[in-house]
DNA sequence: CTTATTCCTAGTTGTCAAGTAGGAATATAG
DNA sequence: CTATATTCCTACTTGACAACTAGGAATAAG
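Protein chains in written order, with the numbering used here: chain A, 146 to 289; chain B, 146 to 289.
Pasting the structure below:
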C-alpha cells in the first residue's frame, strides 16, 4: 500500500503555499523550483485543489495561487482526499457504489476497516499549521 | 493507498487454514472453492508463505497445507509483509537501500511515518486467533 | 498406474501512476 | 499595444505492476 506522488506532491505544494503565504500569489514555477517537482505536473495537481476551492488562482503575469483559508484549517486528510480520492485501502470499503457481495460474511474486512480508521485518524489530525510548526522547530532533530 | 488482492487473499487463505486446522492437510482446491479465489493464484501466494515457513506443505494426493504454529502466533502484519513486502506508504520510508536525499529537510515525511506506524500498530496487533474469534462471534452483527 | 496434489517458471492483459506536450486564455509591465 | 508571464485545458506517452492464466514437472496415495 502506497500513497502516490500526486498526494505527496499536493501536500508539499500546499505546505509551500502556506510557507510563502504573504498575500501575493505564489507561482507554480517557484514552487516547482523549490520542491523540485515538474511544473507541468504541479499544474494538474493544483487543478484539483483549485476546483475543490482549497486555493485561489490569479492569472497572468505575477499571478499564481493563494490559500483560501488559514493553514490551521487545512487537514492533510482533505488534501489527500481531493488529490487521491477516498483513501480506502480496499475496494469493499468504498462508499461510492461498488460493494463486496460477501460483506456480511467477510471477517477480514474488519481488518481493512481498522486500518482505514487508523489512517484517517492520523491524516485528519494533522493540519498545514502543524507542518509549519514542525518546519519551524527545525528539521535538524530528524536527521539520521 | 491500497492493499492488493495478494495480501487480502493471503489473509483469507491463512484464516481458512486456521479454520480447518484439524491436523490433516488442507488442499488449495478446497480453499479456492470456499473463498472463491483462483486456485492457480493461490498457489503463487502460498508459495511465499511456505518459503517464509509460515505453512508446511504435504505433496501428492490427499496433500495440502498446514499451519506451523498456533493461530494466535500469526499476526496479520506478518502475513501482509510476507506477501506484499514491507508495508511502506512511501518509498522514502523503505529501509532497503533506497532513500530520499532530502530526508532531513522534508517535513512531510513525518506524516508518512505516522501513517506507517498507525497501520503497523493495527496489523501487528491482530492475530489469526482474533479473526477466528470474530468469526465465532458471528458476522451477523456486521450486516449492513 | 492413475489420480490428486504441490511446485516452478513463464506468459498475458489491462490498468494506472507519473509524467510530457502543446497551445489557448488572461493579465501585467514597459 | 506588444512582449512576457502566468494559469488553464485536453490529450498523449511510457513503463511498471497487479492480477491473474497456462503448462507441465515432481511427488505421493490408493
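Beta carbons are placed, not taken as given, at the ideal position from N, Cα and C, and that holds for glycine. Predicted model, so just to flag it, every value in this text is computed and none were measured.
Please give the ranges of any alpha helix (DSSP H) in the stretch 147-181 of chain A, keeping only runs that are unbroken, at least 4 residues long and fully inside the region.
150-164, 173-180
Can you tell me where the alpha helix (DSSP H) holding residue 222 of chain A begins and where it ends?
Within the first chain, numbered from 1, the residue matching residue 222 of chain A stands at position 77. Its alpha helix (DSSP H) spans residues 221-229.
Does the pairing of the stretch 161-181 of chain A with the stretch 203-214 of chain A give three or more beta-carbon distances under 8 Å?
yes
Work out the CA separation of residue 254 of chain B and residue 168 of chain A for me, nearest whole Å.
Counting from 1 along the first chain, the entry for residue 168 of chain A is found at position 23. Counting from 1 along the second chain, the entry for residue 254 of chain B is found at position 109. For residue 168 of chain A and residue 254 of chain B, the distance between alpha carbons rounds to 27 Å.
Roughly how many angstroms separate the alpha carbons of residue 231 of chain B and residue 148 of chain B, rounded to a whole number?
Numbered from 1 along the second chain, position 86 holds the residue referred to as residue 231 of chain B. Numbered from 1 along the second chain, position 3 holds the residue referred to as residue 148 of chain B. When rounded, the distance between both Cα atoms is 12 Å.
State the start and end residues of the unbroken alpha helix (DSSP H) segment that holds residue 268 of chain A.
As a first step, residue 268 of chain A is located in the first chain; it is residue number 123 there, counting from the start. First-last of the alpha helix (DSSP H) with residue 268 of chain A: 254-268.
Once you ignore the five residues that flank residue 335 of chain B on each side, which residues in its own chain have a CB closer than 8 Å to its CB?
A question about residue 335 of chain B goes unanswered here, because the residues of chain B that appear run from 146 up to 289.
Using DSSP with H/G/I as helix, E/B as strand and the rest coil, what is residue 202 of chain A?
Reading the first chain from its first residue, position 57 is the one you call residue 202 of chain A. Strand at residue 202 of chain A.
What residue range does the beta strand (DSSP E) around residue 209 of chain B cover?
To locate residue 209 of chain B, count along the second chain from 1; it is residue 64. Per DSSP, residue 209 of chain B belongs to the beta strand (DSSP E) from 209-212.
Let me check understanding here. Comparing Cα to Cα, which of A:172, A:225, A:273, A:266 lies closest to residue 252 of chain B?
Counting from 1 along the second chain, the entry for residue 252 of chain B is found at position 107. Closest option to residue 252 of chain B, Cα to Cα, is A:273.
Output yes if chain B places a C-beta closer than 8 Å to the C-beta of residue 276 of chain A; else output no.
Here residue 276 of chain A refers to the residue found at position 131 of the first chain. Chain B, which has a Cβ nearer than 8 Å to the Cβ of residue 276 of chain A, makes this yes.
If you draw a straight line from the alpha carbon of residue 261 of chain A to that of residue 271 of chain A, how long is it in whole angstroms?
For this step, residue 261 of chain A is matched to residue 116 along the first chain. For this step, residue 271 of chain A is matched to residue 126 along the first chain. For residue 261 of chain A and residue 271 of chain A, the distance between alpha carbons rounds to 16 Å.
Taking 7 Å as the cut-off, is the C-beta of residue 255 of chain A nearer than that to any heavy atom in the ligand MN?
Looking at this structure, you won't find the ligand MN or any other ligand, since it has none at all.
Under 8 Å, Cβ to Cβ, is there at least one residue of chain A near residue 260 of chain B?
Within the second chain, the letter at position 115 stands for residue 260 of chain B. Residue 260 of chain B counts as touching chain A.
So, does the CB of residue 239 of chain A fall closer than 8 Å to a CB anywhere in chain B?
Sequence index remark: in the first chain, residue 239 of chain A carries index 94 (1-based). For residue 239 of chain A, the pLDDT reaches just 49, beneath the cut-off of 50, and the residue's location in the model is therefore unreliable, although a value from the coordinates is still provided. Not closer than 8 Å to any Cβ of chain B, the Cβ of residue 239 of chain A fails to qualify, so no.
What residues of chain B sit near residue 160 of chain A, judged by a beta carbon separation below 8 Å?
The sequence position of residue 160 of chain A within the first chain is 15, counting from 1. Per Cβ cutoff of 8 Å: 252, 253.
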